[in-house]
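**Q**
Numbering (UniProt numbering), first residue to last: 1 to 426.
See below:
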C-alpha cells in the first residue's frame, strides 16, 4: 500500500501509495519498457553484457501508469548516453520475496522501486547498497519531507531515495454533512459525534479498513500515534486507539463489516452512499473525480493529542550485488530532478516526497491534493526494523479482536504489546 488500494498496505499504505485493493493484482508481467529484446535474468543487475545495461524491478503494474513510467525510462536513458534499461514488473506481494530469493539465486536487478516498509527487512539483510556518501555529495536530502526520507534510513545509514509518497486523510460526503448540519470534524470527539449523527438507515457515519493485514494496520496507526502512543507503548496507547474505534462499532457508526474491508472496499462504501465519511488515501482521487454520484471533500484525520497520518509510498534502491551502482545512481538522481519528477508523478497519479515541489504541479493547485501534501508533515513511516511484519500481525489481531468483541481493548492491546515489545529490542 503503501499509494495503492490494497497494499497489505503498506505497504497499505501496504498502502498504503500503495496502499489498497489497488495493489491486489494477479499474475506477473514483463515489460521491456519500449526496448527491443527479451528480459535477461542475470545476477548483479545483469541486463546483457554491456556495462550500460540496467535491470530495474518494480510492482507498478496498473495499465494507466505504463505510459508515464515508460516515458520516465526513456528520459533516463536519454540523460545517460548509451544507457539501456530493462524493466521487470511483479505483483505487489511478490516483489520483496523475489528480491530475497534472488539473493540466493543470483537473479537480482541493479535498481528497484519498492514499498517503503520493505526497507525494514531488505536493508538489515544486507541486500541494499549504502547510499549515504552519494546522498551527502548530492546534497538534496533536506529537500524531502522528513517522513518519506527517514523511511530509507536504517541504523543511521541511507539506503534509499523516495520515489513518491502518500498518506491518509478523511473524505466526507458534503451533501450528507450539510443536510445533517455537521461540519467536517477536526478532533476525535467531533469525529465520534459526527459519525453517530450521520448514521442513518443503510448509511454508516464512518468507513475504514480494519482487515487483518497490513492494510488495516496502516489505518490503525494514525489513531495510535494521535493518542500519543507508539509500538513501545502499545499496551496503553493501543488500548486508547482500540477503545475509540471499538466504541464507534458498538454505537453502529462504524460497520462491523470493516474487519473484512480493504481500502478499496471502503471507498466503494463511500461512493455508493453507504458511508458518509471514509479514511483513505490519494490513490482514490482519480476514481472519485470520475464518478458523479457523491460530492465530497477532504480534511486531515481528526486529532486526539497530536496530528498523525501513516506514510505510504515507494523508494528507489540499488541492490548491493549490482556492479553498476554508478549508472543506477545516475538514473535515480535524474528521476529526482524537478522537471522529470513532476512529469512522472503527474502522469501516474502519485504525489511528491520532495517538500520543495509542494508549490508546483497538480498538487499545488488541486485543493484535495494539497490536503495530502500538507499531511506529509504529520505522516510517520513504519520504520520499526526487520521484525515489523510480526509486530504488524500482532496489531492486526488486536484490532480484529476488539472490533469483533472477542476481546476487550485493554486485553487485546496488552496481548499485542507482549508480542511487540521483545521484537523491538532484537
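C-beta: ideal position from N, C-alpha, C; glycine also.
Suppose the cutoff is 7 Å on Cβ atoms and the five residues either side in sequence are ignored; what does the same chain contact list for residue 147 look like?
**A** Closer than 7 Å at Cβ, skipping near neighbours: 311, 376, 379, 380 and 381.
**Q** Provide the residue span of the beta strand (DSSP E) that contains residue 190, from first to last.
**A** Counting along the chain, residue 190 falls outside any beta strand (DSSP E), though it belongs to the alpha helix (DSSP H) covering 188-198.
**Q** Going by DSSP, name the residue or residues bridged to residue 411.
**A** Its beta-bridge partners do not exist; DSSP assigns none.
**Q** Could you tell me if residue 324 is buried or exposed, where buried requires 16 or more neighbouring beta carbons within 10 angstroms of its beta carbon?
**A** Its Cβ being crowded by 16 or more others within 10 Å, residue 324 is buried.
**Q** The alpha helix (DSSP H) with residue 84 in it runs from where to where?
**A** Not the alpha helix (DSSP H): residue 84 falls in the beta strand (DSSP E), residues 84-89.
**Q** By the three-class DSSP mapping on this structure, what secondary structure does residue 135 have?
**A** If DSSP states are grouped into helix, strand and coil, residue 135 belongs with the helices.
**Q** Kindly identify the DSSP beta-bridge partner or partners of residue 158.
**A** According to DSSP, residue 158 bridges with 153.
**Q** Taking the beta strand (DSSP E) that residue 278 belongs to, which residues open and close that run?
**A** Segment 275-280, the beta strand (DSSP E) holding residue 278.
**Q** By the DSSP assignment, the beta strand (DSSP E) with residue 120 in it spans what residues?
**A** Counting along the chain, residue 120 falls outside any beta strand (DSSP E), though it belongs to the alpha helix (DSSP H) covering 119-122.
**Q** Using C-beta distances below 7 Å, list every residue in its chain close to residue 356, excluding the 5 sequence neighbours before and after it, in chain order.
**A** The residues are 143.
**Q** By alpha-carbon positions, which one of 186, 315 and 93 ends up nearest to residue 215?
**A** The shortest C-alpha separation from residue 215 is found at 93.
**Q** Can you grab the Cα-Cα spacing for the pair residue 260 / residue 72, in whole Å?
**A** Taking the straight line from one Cα to the other gives about 37 Å.
**Q** Just the Cα atoms here: how many angstroms apart are residue 102 and residue 319?
**A** Rounded to the nearest angstrom, the two C-alpha atoms are 11 Å apart.
**Q** For the structure I just gave you, are there three or more beta carbon pairs, one from the stretch 117-133 and one from the stretch 333-343, closer than 8 Å?
**A** No: fewer than three Cβ pairs fall under 8 Å.
**Q** Among the candidates 136, 115, 138 and 154, whose CA atom is the shortest distance from the CA of residue 125?
**A** The option with the nearest alpha carbon to residue 125 is 154.
**Q** Thinking residue 170 and residue 276 are a contact (beta carbons under 8 Å), I'd like their distance in whole angstroms, please.
**A** So it is not a contact: roughly 11 Å between Cβ atoms.
**Q** Assign residue 420 to one of two classes, buried (16 or more other C-beta atoms within 10 Å of its C-beta) or exposed (fewer than that).
**A** By the neighbour-count rule (16 or more Cβ atoms within 10 Å), residue 420 is buried.
**Q** Do you know offhand how far residue 80's Cα is from residue 328's?
**A** Going from the Cα of residue 80 to the Cα of residue 328 covers about 10 Å.
**Q** May I have the straight-line CA-CA distance separating residue 253 from residue 160, to the nearest angstrom?
**A** Going by the C-alpha atoms only, they are around 41 Å apart.
**Q** Under 8 Å Cβ to Cβ from residue 361, same chain only, skipping five residues before and after it: list those, please.
**A** So the list reads 342, 345, 346 and 352, once near-sequence residues are dropped.
**Q** Can you tell which of 395, 224 and 175 has the C-alpha that lies nearest to the C-alpha of residue 423?
**A** Nearest option by C-alpha distance: 395.
**Q** Can you name, in chain order, every residue of its own chain whose Cβ lies under 6 Å from the Cβ of residue 267, other than the five neighbours on each side?
**A** So the qualifying residues of the chain are 280 and 284.
**Q** Using beta-carbon positions only, say whether residue 335 and residue 163 come within less than 9 Å of one another.
**A** Yes, the Cβ-Cβ distance between residue 335 and residue 163 is below 9 Å.
**Q** Along the chain, where does the alpha helix (DSSP H) containing residue 63 start, and where does it finish?
**A** Element bounds for residue 63: n/a, residue is neither H nor E.
**Q** Just checking my contact of residue 53 with residue 84 at CB under 8 Å: how many whole Å lie between their CB atoms?
**A** At roughly 5 Å, the Cβ-Cβ gap stays under 8 Å, so residue 53 and residue 84 are in contact.
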